[in-house]
Amino acid sequence: DFWRMLWENNSTIVVMLTKLREMGREKCHQYWPAERSARYQYFVVDPMAEYNMPQYILREFKVTDARDGQSRTVRQFQFTDWPEQGVPKSGEGFIDFIGQVHKTKEQFGQDGPISVHCSAGVGRTGVFITLSIVLERMRYEGVVDIFQTVKMLRTQRPAMVQTEDEYQFCYHAALEYLG
């Protein structure tokens, strides 16, 4: 169960890189309640806020473990500017999005991992994770190595950064960040 995974891993940031429907097909089940609280096994999820930004939606939920009453805030960032086919025309908006996700994680002192998903969990998810790692290494080590980053990710999850377009997008976005 999704909410149990978030709870057990103390993951309070979720990155969603797909719309619910694209090209007339369901890409992702709506796993969160839209208006009223809902119970998912032992977890009660209360929607608290939704902010519509130009390229993403930020949703905030209060998640309570019904067994002991403990609760925490989970923030979901849904990037809405990824085209239904291909990759974004510019890396700037996606780089800004990654920065906002990490800034929020730092701002609220979250220790758990960021949970990232798209529809298959390898294409857009791989791009997000690759660029997150590469931007961090650029900032702290002055190193840009997209090839090795993707290679390392593929040892943990085959097919990360699924298409040539996605791979090239990583390079273009990194160049835009540097430029």
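If you're matching positions, the sequence shown starts at 1 in full-length UniProt numbering and goes up one per residue.
We put the beta carbon where it would ideally sit given N, CA and C, even for glycine.
Asked	Found
Give me the Cβ distance between Arg-59 and Trp-32, rounded to the nearest whole Å; I'm assuming they're in contact under 8 Å.	7 Å
Flag this pair as yes or no: are the beta carbons of Ala-66 and Tyr-42 separated by less than 7 Å?	yes
Verify whether the separation of the beta carbon atoms of Ile-98 and Ser-132 is less than 7 Å.	yes
Please work out which residues of its chain come closer than 7 Å, Cβ to Cβ, to Lys-105, disregarding the five sequence neighbours upstream and downstream, and give them in chain order.	Ile-13 and Ile-114
Based on the DSSP output, what are the partners of Lys-62 in its beta bridges?	Asp-46 and Thr-73
Which residues mark the beginning and the end of the beta strand (DSSP E) in which Ala-38 is found?	38-40
Is Met-160 buried or exposed, if buried means 16 or more other CB atoms sit within 10 Å of its CB?	buried
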